[in-house]
Amino acid sequence: WNKTDPVDEWECRRAGLIKSIQGSSNPVVEADCLNL
């Protein structure tokens with residue numbers, strides 16, 4: 074699914090906000106955000 078619907082800038086910002094509140098990250102999204 075990640076090849077047909079890759080992460081975008083919005084999803085990376087959302088993941089960062091969730092990480093700042095929750096204290097944990099989504100490693101799959103984080104890894105793909107590095108390639109933007």
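Everything in the sequence shown is counted per our numbering, starting at 74 for the first residue and increasing by one.
Backbone N, C-alpha and C define an ideal beta-carbon position, used for all residues, glycine too.
Small disclaimer: the values here were computed from a predicted structure and weren't measured.
Practice item. Classify Pro79 as helix, strand or coil using the three-state DSSP reduction. Key: Three-state DSSP puts Pro79 in coil, outside helix and strand.
Point to revise | Buried versus exposed, by CB contacts within 10 Å (16 or more), Val101 | key: In this structure Val101 is exposed. Its beta-carbon is surrounded by fewer than 16 other beta-carbon atoms within 10 angstroms.
Point to revise | Backbone CA spacing between Trp74 and Gly96 [nearest angstrom] | key: Each residue's alpha carbon lies about 26 Å from the other.
Point to revise | Spatial neighbours of Ile94 in its chain, beta-carbon cut-off 8 Å, leaving aside the 5 residues before and after | key: Here the set comprises nothing.
Point to revise | CA-to-CA distance, Glu103 to Arg87, given in whole angstroms | key: Computed Cα separation, rounded: 11 Å.
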